[in-house]
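*Asks:* Below is the structure I would like to discuss, written out as structure tokens.
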Amino acid sequence: MIDVSFFFALAMFAFVTSVTPGPNNIMLLASGAQFGFRRTLPHMLGIVLGVATLLLSTLLGLGALFTLYPPLYSVLKWVGCAYLLWLAWKIANAPVGNLEAKKASSSPMSWWQALLFQYVNPKAWMMAIGCVSTFSIAGDLYAQSGLWMIVLFAVVGFPSIAMWAWAGVSIRRWLTDQKRQRLFNLCMGIATASTLLLIIAQ
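Take the sequence shown: its position 73, counting from 1, is numbered 72 in numbering that gives the first Met the number 0, and each next residue is one higher.
Structure (structure tokens):
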């Protein structure tokens, strides 16, 4: 039987890794400001589903490939970095103007785009591999402990990332003119690109 301390430690790990700054949360902040909380919900759902599938893939042995073939992780890291730079450029150069008109003419990230993004997000891979290597219980409890990882990351992770979208909604009240919107977009683009420093350092 799994000890209560396992659930507490796993929940803390899920909270800390989900709530801290990273590509997902910076993009949710920008999306909340540009599109509002409701239209950002599919983006958040995609992140939760993507992390769940990453954990499942790692539990099934895909993560072990990075240990057996380290160059695979290097390839993933640089592909993810290139994609993040492209996203940062798009965020920094997002059109400005009437936010309500912008909401009607453009779309936030969809749930399936957010899900697939996790597979080129090195932070998400590091989180999944770190979680499985730390919290999986060998033997008869392996499947049960793996299932709890997926469940707790969803239960704890969703409200953790939702705080970033809500913060974006709060910032939205400040974005009353095009100059502030351009400054916000530039700051979000720089913040997204700066997460590369955390990734490259790993």
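Heads up, the beta-carbon is just placed ideally off N, CA and C, and yes, glycines get one too. Since this is a predicted model, take the numbers as computed values, not measurements.
(1) Where Leu-195 and Asn-120 are concerned, what is the direct C-alpha to C-alpha distance, given to the nearest angstrom?
(2) Would the stretch 157–174 and the stretch 20–35 be scored as touching if the rule is three or more Cβ pairs under 8 Å?
(3) With H, G and I counted as helix, E and B as strand and the rest as coil, what does DSSP make of Tyr-141?
(4) Would a C-beta distance cut-off of 9 Å place Thr-52 and Gln-117 closer than the cut-off?
(5) If you compare alpha carbons, which of Gly-31, Phe-7 and Leu-75 is closest to Lys-122?
(6) Assign Trp-85 to one of two classes, buried (16 or more other C-beta atoms within 10 Å of its C-beta) or exposed (fewer than that).
(7) CA-CA distance, Gln-33 and Phe-14?
(8) Could you give the residue range of the alpha helix (DSSP H) that holds Val-18?
(9) Spatial neighbours of Leu-44 within its chain, please: CB distance less than 7 Å, with the 5 preceding and 5 following residues excluded, ordered by chain position.
(10) With respect to the alpha helix (DSSP H) encompassing Gln-117, which residues constitute its N-terminal and C-terminal limits?
(11) Where does the unbroken alpha helix (DSSP H) through Arg-172 begin, and where does it stop?
(12) Straight-line CA distance for Leu-115 to Pro-22?
(13) Just how far apart, CA to CA, sit Gly-60 and Pro-20?
(14) Relative to the C-alpha of Cys-186, which residue among Ala-10, Ala-87 and Ile-1 is closest?
(15) How big is the Cα-Cα spacing for Leu-174 and Arg-38?
(16) With Ser-144 and Ser-135 assumed to form a contact (beta carbons below 8 Å), what rounded beta-carbon distance in angstroms separates them?
(17) How would you call Met-0, buried or exposed, if buried means at least 16 neighbouring beta carbons within 10 angstroms?
(18) Report all residues from its chain with a CB closer than 7 Å to the CB of Ile-160; omit the five preceding and five following residues, and keep chain order.
*Replies:* In this structure, then:
(1) Residue 195 sits at position 196 when you count from the first residue of the sequence shown. Residue 120 sits at position 121 when you count from the first residue of the sequence shown. C-alpha separation (whole angstroms): 10 Å.
(2) yes
(3) Counting from one through the sequence shown, the residue named residue 141 turns up at place 142. Of the three classes helix, strand and coil, the one that applies to Tyr-141 here is helix, per DSSP.
(4) Residue mapping note: residue 52 aligns to position 53 of the sequence shown, counting from 1. Residue mapping note: residue 117 aligns to position 118 of the sequence shown, counting from 1. Closer than 9 Å, so yes.
(5) Looking up residue 122 in the sequence shown gives position 123. The option with the nearest alpha carbon to Lys-122 is Leu-75.
(6) Here the question's residue 85 lines up with position 86 in the sequence shown. So Trp-85 ends up on the exposed side.
(7) Locating residue 33 in the sequence shown gives position 34, counting from the first residue. Locating residue 14 in the sequence shown gives position 15, counting from the first residue. About 25 Å.
(8) To locate residue 18, count along the sequence shown from 1; it is residue 19. Note, Val-18: alpha helix (DSSP H), 3–18.
(9) As a working mapping, residue 44 is identified with position 45 in the sequence shown. Result list for Leu-44: Trp-110, in chain order.
(10) To locate residue 117, count along the sequence shown from 1; it is residue 118. Taken as a continuous stretch (DSSP letters only), Gln-117 belongs to no alpha helix (DSSP H), as it is neither H nor E.
(11) On the sequence shown, residue 172 is found 173 positions in, with the first residue counted as 1. Unbroken run through Arg-172: none, as it is neither H nor E.
(12) Translated into the one-based positions of the sequence shown, residue 115 becomes position 116. Translated into the one-based positions of the sequence shown, residue 22 becomes position 23. Computed Cα separation, rounded: 13 Å.
(13) On the sequence shown, residue 60 is found 61 positions in, with the first residue counted as 1. On the sequence shown, residue 20 is found 21 positions in, with the first residue counted as 1. Taking the straight line from one Cα to the other gives about 28 Å.
(14) Mapped onto the sequence shown, residue 186 falls at position 187. Distance from the Cα of Cys-186 is smallest, within the candidate group Ala-10, Ala-87 and Ile-1, for Ala-87.
(15) Your numbering for residue 174 matches position 175 in the sequence shown. Your numbering for residue 38 matches position 39 in the sequence shown. Roughly 18 Å separates the two Cα atoms.
(16) On the sequence shown, residue 144 is found 145 positions in, with the first residue counted as 1. On the sequence shown, residue 135 is found 136 positions in, with the first residue counted as 1. Contact holds; Cβ gap of about 5 Å.
(17) As a working mapping, residue 0 is identified with position 1 in the sequence shown. The residue is exposed, with fewer than 16 neighbouring Cβ atoms inside 10 Å.
(18) Start at 1 with the first residue of the sequence shown, and residue 160 comes out as number 161. Closer than 7 Å at the Cβ level, and outside the excluded window around Ile-160, lie Ser-17, Asn-23, Asn-24, Leu-27, Met-43 and Ile-46.
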